[in-house]
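Peer 1: Quick one: this structure, given as structure tokens, is what I'll be asking you about.
Number of protein chains: 2
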Amino acid sequence: MKMYIECIPCYARQTIEAAVMVTDDPRLREKIIRAALRKASEVPFDKTPTHIGMEIHRIIRKLVGDIDPYFELKDIYNRKALELYPYMKKLVDQSPNRLETSVRLAIAGNIIDFGISHSNNEIKLKKIITETMKKPFAVNDLSELINALEDAHHILYIADNAGEIVFDRVFVEEIPDHRVRVTFAVKGHHVLNDATMKDALDTGLTDVVRVIDNGSDAPGTILETCSKQFQDTFKAADLVIAKGQGNYETLSNSGGKCFFLLKAKCPVIARHFGVEVGNIIVKKEDPPEKSS
Amino acid sequence: MKMYIECIPCYARQTIEAAVMVTDDPRLREKIIRAALRKASEVPFDKTPTHIGMEIHRIIRKLVGDIDPYFELKDIYNRKALELYPYMKKLVDQSPNRLETSVRLAIAGNIIDFGISHSNNEIKLKKIITETMKKPFAVNDLSELINALEDAHHILYIADNAGEIVFDRVFVEEIPDHRVRVTFAVKGHHVLNDATMKDALDTGLTDVVRVIDNGSDAPGTILETCSKQFQDTFKAADLVIAKGQGNYETLSNSGGKCFFLLKAKCPVIARHFGVEVGNIIVKKEDPPEKSS
Numbered sequence: 007m008k009m010y011i012e013c014i015p016c017y018a019r020q021t022i023e024a025a026v027m028v029t030d031d032p033r034l035r036e037k038i039i040r041a042a043l044r045k046a047s048e049v050p051f052d053k054t055p056t057h058i059g060m061e062i063h064r065i066i067r068k069l070v071g072d073i074d075p076y077f078e079l080k081d082i083y084n085r086k087a088l089e090l091y092p093y094m095k096k097l098v099d100q101s102p103n104r105l106e107t108s109v110r111l112a113i114a115g116n117i118i119d120f121g122i123s124h125s126n127n128e129i130k131l132k133k134i135i136t137e138t139m140k141k142p143f144a145v146n147d148l149s150e151l152i153n154a155l156e157d158a159h160h161i162l163y164i165a166d167n168a169g170e171i172v173f174d175r176v177f178v179e180e181i182p183d184h185r186v187r188v189t190f191a192v193k194g195h196h197v198l199n200d201a202t203m204k205d206a207l208d209t210g211l212t213d214v215v216r217v218i219d220n221g222s223d224a225p226g227t228i229l230e231t232c233s234k235q236f237q238d239t240f241k242a243a244d245l246v247i248a249k250g251q252g253n254y255e256t257l258s259n260s261g262g263k264c265f266f267l268l269k270a271k272c273p274v275i276a277r278h279f280g281v282e283v284g285n286i287i288v289k290k291e292d293p294p295e296k297s298s
Numbered sequence: 007m008k009m010y011i012e013c014i015p016c017y018a019r020q021t022i023e024a025a026v027m028v029t030d031d032p033r034l035r036e037k038i039i040r041a042a043l044r045k046a047s048e049v050p051f052d053k054t055p056t057h058i059g060m061e062i063h064r065i066i067r068k069l070v071g072d073i074d075p076y077f078e079l080k081d082i083y084n085r086k087a088l089e090l091y092p093y094m095k096k097l098v099d100q101s102p103n104r105l106e107t108s109v110r111l112a113i114a115g116n117i118i119d120f121g122i123s124h125s126n127n128e129i130k131l132k133k134i135i136t137e138t139m140k141k142p143f144a145v146n147d148l149s150e151l152i153n154a155l156e157d158a159h160h161i162l163y164i165a166d167n168a169g170e171i172v173f174d175r176v177f178v179e180e181i182p183d184h185r186v187r188v189t190f191a192v193k194g195h196h197v198l199n200d201a202t203m204k205d206a207l208d209t210g211l212t213d214v215v216r217v218i219d220n221g222s223d224a225p226g227t228i229l230e231t232c233s234k235q236f237q238d239t240f241k242a243a244d245l246v247i248a249k250g251q252g253n254y255e256t257l258s259n260s261g262g263k264c265f266f267l268l269k270a271k272c273p274v275i276a277r278h279f280g281v282e283v284g285n286i287i288v289k290k291e292d293p294p295e296k297s298s
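This is how it looks when you write it as structure tokens:
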């Protein structure tokens, strides 16, 4: 998905939020903001929004060093989500359709996103779960996903955020033979509150499924920035499940084998899908365009 | 008032809205946005937000020519406000405190602002009037303003937006001897939906009060960009009434003789005043700081 022009003020906002988080020094904040605006003025408009995000966070790291402004928040949300893990397992156990319930939980967890809005740190996870259980899918390719899950030999599950991966864990555990069939991928480097290997270890994902990191610092999946191991795993997979907006933006035209699970969290993506902000989506990737 | 860093994404949004209004050509839109972001990356952070606004609109004019994207909207709101003029006069006539009621009307009109949010074109003016009539002032220097109005010989009334100036007219007409004492100033060049001489003519302001233009294209009052006539009028005034955020930003430290009438329309200005968004404000300018 290419950038929309409305993405630019949103990234300016993100930069400022990140600048405020990484330093108290107004001169350094100013320096970050200036550099990010200059970069935004140069970024090709035919790239995905995730590309700007990656560039901005690279600039911040270059200016303030490789500190992780979201370190504590990620830890807090991993623990909040882990506290809900028994409750989520019970919801699945009591459900007439375990797989659908676990997919809904995975989507509910997608609300934990500090790229979209920092004010998210006040979100009430249990309330979100309850809402997401009964919400209709605004884009509904669920039955195709369930069929694909039956047939696939190599499933690549591309995670999005810390905290959210506990919700993903509940879904992954419902996939038959997940220890053999599923590879769970996290980011290669911290960026926003995206899940890294540390989060996978802290939330027990590594105990239930093979976890790899993608070698990249993009807040989505820009394949050319990923490690060879990840690229090979992506190629070998016959089914890819990708979480959240960043992964949709970067993989929506990657060959046709992806399913995207997400909440539409900003007006741009909502309009792109023809849905409302807050709607939940299970979207099968469109088949690749045939070259004529 | 100096810029806050949160002003930057807001100006990025404003640029995009303006780019969308002035051209359908995606390449030209891109060019505008790139140039505006580059300019925003260079603008000194100790300037007022209005300075960036002025620079951005200069860039747009340089790229697309001197067209006025808000021409039609200004006309629509002048006419909408004129339709309400008899109703507003009746409100004043029936009021136990004519001057306060007319001040409240002037502040109510400040909602017509397409710099803050373009979606404002759906605002219901009559509803805003009703709300503003009974709202408490969040900053209340009204009695000082009323005293100052009694004493002043030369009153300079600095307008903000088209449409809004009809509301200002109702207030100006309540100032005793306004034909002699009041000079009403509009912008020297179109910028956003700020009122220009055309709007003053279209709404009958020129029939009731001396109107001058300030010779400037800034969406506020940056004195060094104004004409000598305006600067002289400003110097000669013993009372200045300035409408809206842009005028507050640029004149809040201009010598101590201003009163600012505005609605707090964005979170930054609301926080600056320690009030809520939507609150109404009559603020006497702080006295100039003594040099020690």
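Sequence lines, in order, name chains P and A. For the first sequence, position 144 matches number 150 in the working numbering, and the numbering has no gaps at all. For the second sequence, position 245 matches number 251 in the working numbering, and the numbering has no gaps at all. Every residue gets a Cβ at the ideal spot worked out from N, C-alpha and C, and that includes glycine.
1. Contact criterion: CB-CB distance below 8 Å. Does N126 of chain A meet it with respect to chain P?
2. So, at 7 Å on beta carbons, what are the nonlocal neighbours of V98 of chain P in its own chain, with the 5 sequence-adjacent residues on each side left out?
3. Touch check for the stretch 141-157 of chain P and the stretch 165-176 of chain P: three-plus C-beta pairs under 8 Å?
4. Which first and last residues belong to the beta strand (DSSP E) in which I286 of chain P is found?
5. With DSSP run on the structure shown, which of helix, strand or coil describes K141 of chain P?
6. Would you say L43 of chain A faces chain P, with C-beta separation under 8 Å as the test?
7. Taking N146 of chain A as the reference, which of A:Y83, A:E295, A:V281 has the closest Cα?
8. Give me the Cα-Cα distance between S125 of chain P and A243 of chain A, rounded to the nearest whole angstrom.
9. Rounded to a whole number of angstroms, what is the C-alpha to C-alpha distance between V217 of chain P and K193 of chain P?
10. Any Cβ of chain A within less than 8 Å of the Cβ of I11 of chain P?
11. Would you give the residue range spanned by the beta strand (DSSP E) that F304 of chain P belongs to?
12. Counting only Cβ pairs nearer than 7 Å, list the residues of chain A close to P15 of chain P.
13. Could you tell me which of A:I161, A:G169, A:M94 sits nearest to T138 of chain A, measuring between CA atoms?
14. In the DSSP assignment, what are the bridge partners of V178 of chain A?
15. What residues from chain P crowd round R67 of chain A, counting only those whose CB sits closer than 7 Å?
16. Are the beta-carbon atoms of I38 of chain P and I65 of chain P separated by less than 8 Å?
17. Quick one, are the C-beta atoms of D119 of chain P and K271 of chain P less than 8 Å apart?
18. Could you name the residues of the same chain whose beta carbon sits closer than 8 Å to that of E150 of chain P, not counting the 5 residues immediately before and after it, in chain order?
19. Measuring CB to CB, does Y76 of chain A end up less than 8 Å from H196 of chain A?
20. So the beta strand (DSSP E) D74 of chain A belongs to, where does it begin and stop?
21. Which residue comes first and which comes last in the beta strand (DSSP E) that contains T189 of chain A?
22. Helix, strand or coil: how does DSSP classify C16 of chain P here?
23. Taking A46 of chain P as the query, report the chain A residues whose CB atoms sit under 7 Å from its CB, ordered along the chain.
24. Please work out which residues of its chain come closer than 8 Å, Cβ to Cβ, to I58 of chain P, disregarding the five sequence neighbours upstream and downstream, and give them in chain order.
25. Using the C-alpha atoms, what's the distance from T21 of chain P back to L34 of chain P?
26. Could you pull out every residue in the same chain whose Cβ sits closer than 6 Å to the Cβ of I161 of chain P, ignoring the five residues on either side in sequence?
27. If we define contact as Cβ-Cβ less than 8 Å, is K8 of chain P a contact residue for chain A?
28. DSSP state of I117 of chain A, grouped into three classes?
29. Bridge partners of V217 of chain A, per DSSP?
30. Hey, D205 of chain P and A168 of chain P: beta-carbon distance below 8 Å or not?
31. How would you label E23 of chain P, buried or exposed, when you count the other beta carbons within 10 angstroms and need 16 or more for buried?
32. Can you look up L146 of chain A in the DSSP assignment and give me helix, strand or coil?
Peer 2: Quick answer:
1. Translated into the one-based positions of the second sequence, residue 126 of chain A becomes position 120. Residue placement at N126 of chain A is flagged as unreliable, the pLDDT there being 45, under the threshold of 50; the coordinate-derived value follows with that caveat. No, its Cβ sits nowhere closer than 8 Å to a Cβ of chain P.
2. Against the first sequence, residue 98 of chain P aligns to sequence position 92. Result list for V98 of chain P: R104, T107, S108, V176, E180, in chain order.
3. no
4. Position 280 of the first sequence holds residue 286 of chain P. Segment 286-290, the beta strand (DSSP E) holding I286 of chain P.
5. Indexing the first sequence from 1 puts residue 141 of chain P at position 135. Looking at K141 of chain P - three-state DSSP - the assignment turns out to be coil, as it is neither helix nor strand.
6. In the second sequence, residue 43 of chain A corresponds to position 37, counting from 1. Cβ-Cβ to chain P under 8 Å: yes for L43 of chain A.
7. Here the question's residue 146 of chain A lines up with position 140 in the second sequence. Comparing Cα positions, the closest option is A:V281.
8. Position 119 of the first sequence, counted from the first residue, corresponds to residue 125 of chain P. Position 237 of the second sequence, counted from the first residue, corresponds to residue 243 of chain A. Bear in mind that the predicted position of S125 of chain P carries a pLDDT of just 48, short of 50, making it unreliable; the figure below should be weighed with that in mind. Using only the alpha carbons, I get a separation of about 46 Å.
9. Stepping through the first sequence from its first residue, residue 217 of chain P is reached at position 211. Stepping through the first sequence from its first residue, residue 193 of chain P is reached at position 187. Taking the straight line joining both Cα atoms gives about 11 Å.
10. Mapped onto the first sequence, residue 11 of chain P falls at position 5. Judged by the 8 Å Cβ criterion, I11 of chain P is in contact with chain A.
11. Given a span of 7 to 298 for chain P in the structure shown, any question on residue 304 of chain P remains unanswerable.
12. Counting from 1 along the first sequence, the entry for residue 15 of chain P is found at position 9. Correct list: P15, A18, R19, I22.
13. For the purposes of this step, residue 138 of chain A is taken as residue 132 along the second sequence, with counting starting at 1. It is A:M94 whose Cα lies nearest to the Cα of T138 of chain A.
14. Walking along the second sequence from the start, residue 178 of chain A turns up at place 172. According to DSSP, V178 of chain A bridges with nothing at all.
15. Taking the second sequence and counting its residues from 1, the one referred to as residue 67 of chain A is at position 61. By Cβ distance, chain P contributes nothing, its closest Cβ being about 18 Å from R67 of chain A, past 7 Å.
16. As a working note, residue 38 of chain P is residue 32 in the first sequence. As a working note, residue 65 of chain P is residue 59 in the first sequence. Contact flag set, yes.
17. As a first step, residue 119 of chain P is located in the first sequence; it is residue number 113 there, counting from the start. As a first step, residue 271 of chain P is located in the first sequence; it is residue number 265 there, counting from the start. It is a contact, given that the beta carbons lie within the stated cut-off.
18. As a working mapping, residue 150 of chain P is identified with position 144 in the first sequence. Once the five neighbours on either side are set aside, the close Cβ partners of E150 of chain P are F265, K290.
19. As a working note, residue 76 of chain A is residue 70 in the second sequence. As a working note, residue 196 of chain A is residue 190 in the second sequence. Going by C-beta atoms, Y76 of chain A is nearer than 8 Å to H196 of chain A.
20. Position 68 of the second sequence, counted from the first residue, corresponds to residue 74 of chain A. Segment: none, D74 of chain A is in no beta strand (DSSP E) and carries neither H nor E.
21. As a working note, residue 189 of chain A is residue 183 in the second sequence. Per DSSP, T189 of chain A belongs to the beta strand (DSSP E) from 188-192.
22. Taking the first sequence and counting its residues from 1, one reaches residue 16 of chain P at position 10. Helix at C16 of chain P.
23. As a first step, residue 46 of chain P is located in the first sequence; it is residue number 40 there, counting from the start. Near A46 of chain P (Cβ distances below 7 Å), the residues of chain A are L43.
24. For the purposes of this step, residue 58 of chain P is taken as the residue at position 52 of the first sequence. So the list reads M9, C13, I14, Y17, K45, A46, V49, once near-sequence residues are dropped.
25. Here residue 34 of chain P is taken as the residue at index 28 of the first sequence, counted from 1. Here residue 21 of chain P is taken as the residue at index 15 of the first sequence, counted from 1. Cα to Cα, L34 of chain P sits roughly 13 Å from T21 of chain P.
26. In the first sequence, the residue the question calls residue 161 of chain P occupies position 155. Cβ within range, chain order: R187, V188, L245.
27. Walking along the first sequence from the start, residue 8 of chain P turns up at place 2. For K8 of chain P, the answer is no, since every Cβ of chain A falls outside 8 Å of its Cβ.
28. Sequence index remark: in the second sequence, residue 117 of chain A carries index 111 (1-based). In this structure, I117 of chain A counts as coil in the three-state DSSP scheme.
29. The residue labelled residue 217 of chain A in the question sits at position 211 within the second sequence. In DSSP, V217 of chain A forms a bridge with A:F190.
30. Residue numbering aside, residue 205 of chain P sits at position 199 when the first sequence is read from its first letter. Residue numbering aside, residue 168 of chain P sits at position 162 when the first sequence is read from its first letter. It is a contact, given that the beta carbons lie within the stated cut-off.
31. The residue you call residue 23 of chain P lines up with position 17 of the first sequence. Buried, since its Cβ has 16 or more Cβ neighbours within 10 Å.
32. Here the question's residue 146 of chain A lines up with position 140 in the second sequence. Contrary to the premise, residue 146 of chain A reads as Asn rather than Leu in this sequence. Correct three-state label for N146 of chain A: strand.
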